[in-house]
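Following: one structure in structure tokens, then a few remarks.
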Amino acid sequence: MRWVFGIGIGIVVIGISAMFVATRSKSSMVSPIITVVARPLDRYAIPNLKKTPFDSSYIVLDEVTATAASYTVYTFHYISEGKKVTGVAHIPSTPKPQNGFPVIVQFRGYVDPAHYYPGEGTEHSAEVFASNGFISLAPDFLGYGGSDKPSTDVFEERFQTHTAALTLLASVGSLPTADSTRVGVWGHSNGGQIALTVLEAAPKAYPAVLWAPVSKPFPYSVLYYTDEADDHGTLLRRELAKFEGIYDADLYSLTNYLENIKGPLQIHQGTADDAVPIKWTDDFVKMLRDKNITIGYFTYPGANHDLTPGWNTVIARDVAFYASRLTVGK
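Position one of the sequence shown corresponds to residue 6 (the numbering used here), numbered consecutively onward.
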């Protein structure tokens with residue numbers, strides 16, 4: 006009977022082993038579950054912006070808001086990635102040069118949307134530029150003026166200023182009085198950061214003037230100002246943690262792509278600036294010079310973030326800079 010019992014045990018063991026092998030074989034045939042993480046903000050990384058051809062839009066002059074002896078002020082709009090962006094244009098009323106007026110595209114610094122009015126941060130410099138034969142185009146950006154709303158993502162909203170700016174530059178030729186071969190860029194404060202990113206991503210080399218530009222690496226350039234927020238930056242830091250969990254922040258930092266800047270720069274900085282420390286700009290200018298970028302750097306003793314006192318000197322230097330690079334009267 007023992008041998009019969011042993012055979013029975015053997016059959017049971019063989020059966021269990023066969024079941025185990027069959028189960029394991031089926032399990033090994035099941036495909037692993039792969040989680041795909043959406044990365045919609047990849048398109049805003051500076052190397053990707055540089056590879057992106059931005060389509061020209063029509064710049065539509067909407068209405069006259071002011072007139073002066075040598076220029077007329079209009080509101081305008083254009084379409085950037087399906088969204089309407091409004092702005093303010095100062096256009097010389099003097100006889101148009103053969104190929105059109107040279108153009109300066111101006112990017113203002115940060116303004117609280119609740120207190121913003123179209124042209125804020127650029128209107129006075131635009132008046133001087135227009136009086137000297139330049140068209141000034143100053144976009145409001147999404148969420149400002151009559152523009153459409155920006156993304157609800159706090160970082161995409163920021164990056165949309167870059168795509169709106171690049172689209173505007175690509176659209177300059179749609180203005181009948183503009184010479185799209187003679188275009189300069191101007192930026193103040195955060196607008197200086199926008200200008201620098203645009204210069205790194207744009208397919209052309211643009212001469213540019215920067216007033217007290219925010220030039221620190223991303224995301225420190227954002228975090229530095231969080232104490233000004235009502236929540237002292239709590240929301241932004243939380244969103245940044247999510248962002249850095251998915252994206253490489255270095256790909257969005259202008260300090261990593263300075264070699265892309267091909268046009269000449271002129272930078273102005275006040276020594277009493279309480280928004281952009283002069284050491285930032287001193288260090289940044291050194292970085293630019295180490296990259297062999299053509300640059301003129303001026304500092305103004307006792308001047309604040311708006312370059313006051315010294316504003317008249319600054320704007321005169323700007324006009325001379327653009328006139329020599331864009332050849333007014335061509």
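Ideal placement from N, C-alpha and C gives every residue a C-beta, glycine not left out.
Exercise. Compute the distance between the beta-carbons of residue 202 and residue 237, then report whether it is under 7 Å.
Key: no
Quiz item: What do you get for residue 187, buried or exposed, if any count of 16 or more other CB atoms within 10 angstroms of its CB means buried?
Solution: buried
Quiz item: If you compare alpha carbons, which of 102, 95 and 274 is closest to residue 318?
Solution: 274
Quiz prompt | Assigned secondary structure, residue 31 (DSSP; H/G/I helix, E/B strand, else coil) | solution = Because the pLDDT of residue 31 is 48, which lies under 50, any placement of that residue in the model is unreliable, and the number read from its coordinates should be weighed accordingly. Residue state, collapsed to three classes: helix.
Quiz item: With 16 as the cutoff for other CB atoms within 10 Å, does residue 122 come out buried or exposed?
Solution: exposed
Quiz item: With DSSP run on the structure shown, which of helix, strand or coil describes residue 328?
Solution: helix
Quiz item: Between which two residues does the beta strand (DSSP E) containing residue 184 stretch?
Solution: 183-193
Quiz item: According to the neighbour-count rule (16 or more other Cβ atoms, all chains shown, within 10 Å of its Cβ), is residue 152 buried or exposed?
Solution: buried
Quiz prompt | Bridge partner(s) assigned by DSSP for residue 81 | solution = 66 and 92
Quiz item: If you check the beta carbons only, do residue 144 and residue 180 fall under 7 Å apart?
Solution: no
Self-check item: Ranges of the alpha helix (DSSP H) found wholly within the segment 231-296, counting only runs of at least 4
Solution: 239-251 and 283-295
Practice problem: Just mark residue 26 as buried or exposed, buried being the case when its beta carbon has 16 or more other beta carbons within 10 Å. | Solution: Since pLDDT at residue 26 reaches only 43, below the 50 mark, its modelled position is unreliable, and the value read off the structure follows with that caveat. That one is exposed.
Quiz item: Distance, Cα to Cα, residue 228 vs residue 278?
Solution: 18 Å
Self-check item: Range covered by the alpha helix (DSSP H) that runs through residue 143
Solution: That residue, residue 143, is in no alpha helix (DSSP H); its beta strand (DSSP E) goes 140-144.
Practice problem: Indicate whether the contact test is met: 3 or more Cβ pairs, each with one atom in the segment 302-312 and one in the segment 253-269, closer than 8 Å. | Solution: no
Exercise. With a cut-off of 8 Å on the beta carbons, I'd call residue 182 and residue 266 a contact; round off their distance for me.
Key: Not a contact, Cβ separation roughly 28 Å.
Quiz item: Going along the chain, which residues of its own chain have a beta-carbon closer than 6 Å to the beta-carbon of residue 323, five neighbours each way excluded?
Solution: 214
Exercise. Since I believe residue 142 is in contact with residue 108 (beta carbons under 8 Å), could you give me their beta-carbon distance rounded to a whole number of angstroms?
Key: 6 Å
Practice problem: For residue 264, count neighbouring C-beta atoms within 10 Å of its own C-beta (all shown protein chains included) and say buried if the count is 16 or more, exposed if not. | Solution: exposed
Practice problem: Check whether the Cβ atoms of residue 159 and residue 110 lie closer than 7 Å to each other. | Solution: no
Quiz item: Can you tell me whether DSSP reads residue 173 as helix, strand or coil?
Solution: helix
Quiz item: With distances taken from CA atoms, which of 218, 211 and 311 is nearest residue 129?
Solution: 311
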